[in-house]
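Encoded as structure tokens, the structure appears first; notes follow it.
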Amino acid sequence: MDRSNDNYSLNMQILYLSFSAYCNYINDCLGLLLNCLNQALMKKVLVHARLCTLNWPEKFRDRSSRSLSHIVEHLVMTITHEQAKELGDKFYSAFAAGFSSNSHAKTMRGLLASKVDMDWSDGLKGTKTPTEIFDQFSTTWGMMVSDIMFDHTVITDTTNERVSLFGMNTHNIDGKMDKAHLVQNRLCFVLGFDDDGKCSSWRAYWDNAHPQMLNAIGHVTEAMKAREFVK
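Under UniProt numbering, residues 1 to 231 are what the sequence shown spells out, in order.
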């Protein structure tokens, strides 16, 4: 009888220990689950806050257009490397073609949006129309430079829809007077395009205090003044 009680007591202790271990296991699982849910909730809050503070492109500023597909498209990729290279090369070809006859308004016709956000190292800034851009350009670089060779690399920012052209620019500053001043200066274009593929943002950066460039501009400016005086 005593042995039977001992076995019963032993079995009950084993059962208790097993049940206690099982409860501890369940408690750990629940703790882990709650921790995961808490982290997921925090991430959701952070993502929501991030989406609310994003500098949305014009096409996403209407909250009703911010569907999941639109958000994913904006955050993941909105322009491919192939599209960027095609846009960048086309833009540069038209830009380079305008120097020989100071005709950028013609060679770049249709490439710019009706309003372009400008920021250039020479002080050309603000929102400009294509006419304003080309009118100013024709009396500065378009008039001073006869040819350029921009050995550039196309860099694509797929999520912010930016196409950058960066490299060494060799330009002939001669005032269209056949007196060559070849100047090399690194140049960077950062271009933004609208839904129609037209350039809506044009940043251009270079060393605007480049000694060789300033020297060439000075010589050509004096020669152009003398030519006008003779006329």
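Backbone N, C-alpha and C define an ideal beta-carbon position, used for all residues, glycine too.
Of the residues assessed, P211 falls on the exposed side of the cut-off, its CB having fewer than 16 other CB atoms within 10 angstroms. Note that the C-beta distance between W206 and S121 is below 8 Å. Under the DSSP assignment, G192 falls in the beta strand (DSSP E) whose first and last residues are 182 to 193. By the Cβ test, the region 146 to 156 is in contact with the region 82 to 101, since at least three Cβ pairs between them sit closer than 8 Å. The residues W120, F189, in chain order, have a CB closer than 6 Å to that of A204 in the same chain once the five nearest residues on each side in sequence are set aside. Within the DSSP secondary-structure output, W120 pairs in a beta bridge with A204. By a beta-carbon distance limit of 8 Å, I79 contacts T158. Their separation comes to about 6 Å.
Taking 8 Å as the cut-off, the Cβ atoms of F91 and L191 count as close. In the assembly as shown, G126 is an exposed residue. Its beta-carbon has fewer than 16 other beta-carbons within 10 Å. Runs of beta strand (DSSP E) with 3 or more residues, each lying fully within the region 100 to 177, are found at 112 to 120, 125 to 128, 145 to 157, 162 to 173, listed in chain order. Around the beta carbon of T156, 16 or more other beta carbons lie within 10 angstroms, which makes this residue buried. Here the region 129 to 145 makes contact with the region 166 to 175; the two share three or more CB pairs at distances below 8 Å. Looking at the DSSP output, C199 sits in a beta bridge with L112, F193. Following the DSSP letters along the chain, one finds H81 inside the alpha helix (DSSP H) bounded by residues 81 to 97.
Distances from the CA of E82 to each of S114, R162, I217, Q136 were compared; the closest alpha carbon is that of R162.
Taking 8 Å as the cut-off, the beta carbon of C199 is found closer than this to the beta carbon of L112. The beta-carbon separation of F134 and A105, rounded to 4 Å, stays under the 8 Å limit for a contact. N185 is a Cβ neighbour of N169, given a cutoff of 8 Å.
Under the 10 Å beta carbon count, S20 is surrounded by fewer than 16 other beta carbons and is classified as exposed.
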